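Participant: Below: one structure in structure tokens.
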Amino acid sequence: MSQRSNAYDHHKLEELVGRIVNDFQKYADKRSELADRSCSCYFAPSWNSSLENGLLWMGGCRPSSFMRIIYALCGSHAETQLSQYLLKMDGEVVDGHDGDSSMSELNATQLAKINDLHVEVIAKEDKLSKLSANMQEDVADMPIAVTAFSSDSVEADVAVEDALDKHEEGMAVLIADADKLRLETLKKIVEVLTPVQAAEFLLSGKRLHVSLHEWGRVREERRFGCARAEDAAPARGGAGKSKRSATC
Numbered sequence: 001m002s003q004r005s006n007a008y009d010h011h012k013l014e015e016l017v018g019r020i021v022n023d024f025q026k027y028a029d030k031r032s033e034l035a036d037r038s039c040s041c042y043f044a045p046s047w048n049s050s051l052e053n054g055l056l057w058m059g060g061c062r063p064s065s066f067m068r069i070i071y072a073l074c075g076s077h078a079e080t081q082l083s084q085y086l087l088k089m090d091g092e093v094v095d096g097h098d099g100d101s102s103m104s105e106l107n108a109t110q111l112a113k114i115n116d117l118h119v120e121v122i123a124k125e126d127k128l129s130k131l132s133a134n135m136q137e138d139v140a141d142m143p144i145a146v147t148a149f150s151s152d153s154v155e156a157d158v159a160v161e162d163a164l165d166k167h168e169e170g171m172a173v174l175i176a177d178a179d180k181l182r183l184e185t186l187k188k189i190v191e192v193l194t195p196v197q198a199a200e201f202l203l204s205g206k207r208l209h210v211s212l213h214e215w216g217r218v219r220e221e222r223r224f225g226c227a228r229a230e231d232a233a234p235a236r237g238g239a240g241k242s243k244r245s246a247t248c
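Numbering-wise (full-length UniProt numbering), the sequence shown opens with residue 1 and increments by one.
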């Protein structure tokens, strides 16, 4: 009965993981379609905090960070198990239940595959980063830079508009290639992990994403509050200026 229940749970997790991967596929396809019209906004989305945008790579997370999450989870679970073992050695009663999702149960074959994938993905990231750098340098070339230097107005002529359109087209291709690499990496990781491990990995990634968004939002609100307090200080004769919070 227990084996049948575990098999059912694993099957449900496989379905869930598959739906998540398919949803990301649809998201990437739709974003690629919209990026053909205007892709600049995806490199620094207005709905992100400045902290999130500062961490973006090609409009999203680095695919290599997926492996870093796995390494972090493995280390965290290993530390937990070691702590529980030491407490048991001291005779303390410890709830040793770590669920069926411990990433510390990754075997040598899985870790080797993850490591090989990590090396492969970093090489592909470097190629895309070099292409992005070349595109950024092209902005300081003909005809964009020359027109900016020689004209007193900021109105773009036909040549500049064509150059900017070409630049955005190139950026759209970059973001599509980056999303493709993210999706390929995600699929390969899911193939290596068990359904339970894959679900834990995806959940941890989502928690990190949400946490970064909230941390960034809170930090911005705090800074805006400090700025308003500093602006209001002169009206109070400078009172409170020396009491500025250390968190501002």
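Positions of the beta carbon are idealized from the N, C-alpha and C atoms, including for glycine. These numbers come from a predicted model, not from an experiment.
State the Cα-Cα distance for the pair Ser-204 and Gly-170, rounded to the nearest angstrom.
Facilitator: Approximately 33 Å between the Cα atoms of the pair.
Participant: Are there 16 or more other CB atoms within 10 angstroms of the CB of Val-139, so buried, or fewer, so exposed?
Facilitator: Its Cβ having fewer than 16 others within 10 Å, Val-139 is exposed.
Participant: Using 10 angstroms around the beta-carbon of Leu-34, count the other beta-carbons present and answer buried if the total reaches 16, otherwise exposed.
Facilitator: So Leu-34 counts as exposed.
Participant: Please list, in chain order, all residues of the same chain as Leu-202 whose beta carbon is under 7 Å from its beta carbon, the five residues on each side excluded.
Facilitator: Excluding positions up to five away in sequence, the list reads Val-17, Ile-20.
Participant: In terms of residue numbering, what span does the alpha helix (DSSP H) encompassing Asp-162 cover?
Facilitator: Element bounds for Asp-162: 158-192.
Participant: May I have the straight-line CA-CA distance separating Asp-9 from Glu-184, to the nearest angstrom?
Facilitator: Taking the straight line from one Cα to the other gives about 26 Å.
Participant: May I ask you to report which of helix, strand or coil DSSP gives Trp-215?
Facilitator: Note: Trp-215 maps to helix in three-state DSSP.
Participant: Excluding the 5 residues flanking Arg-228 on each side, which residues of the same chain have their C-beta closer than 7 Å to its C-beta?
Facilitator: Excluding positions up to five away in sequence, the list is empty.
Participant: With H, G and I counted as helix, E and B as strand and the rest as coil, what does DSSP make of Gly-59?
Facilitator: Three-state result, Gly-59: coil.
Participant: Could you give the first and the last residue of the continuous alpha helix (DSSP H) run that contains Glu-137?
Facilitator: Segment 108-138, the alpha helix (DSSP H) holding Glu-137.
Participant: Please give me, in chain order, every unbroken run of the alpha helix (DSSP H) with length at least 4 that falls completely inside the segment 8-69.
Facilitator: Runs found: 40-43, 50-55.
Participant: To the nearest angstrom, how far is it from the Cα of Val-190 to the Cα of Leu-128?
Facilitator: Each residue's Cα considered, the two are about 23 Å apart.
Participant: Is the beta carbon of Asp-179 closer than 8 Å to that of Gly-60?
Facilitator: Taking 8 Å as the Cβ cut-off, Gly-60 and Asp-179 qualify as a contacting pair.
Participant: Assign Asp-231 to one of two classes, buried (16 or more other C-beta atoms within 10 Å of its C-beta) or exposed (fewer than that).
Facilitator: Exposed, by the Cβ-count rule.
Participant: Please report the Cβ distance between Ser-49 and Gly-216, rounded to the nearest whole angstrom; I am assuming they are in contact, meaning their Cβ atoms lie under 8 Å.
Facilitator: Contact flag correct, Cβ pair sits at about 3 Å.
Participant: Which word fits Tyr-42, buried or exposed, when buried means at least 16 other C-beta atoms lie within 10 angstroms of its C-beta?
Facilitator: So Tyr-42 counts as buried.
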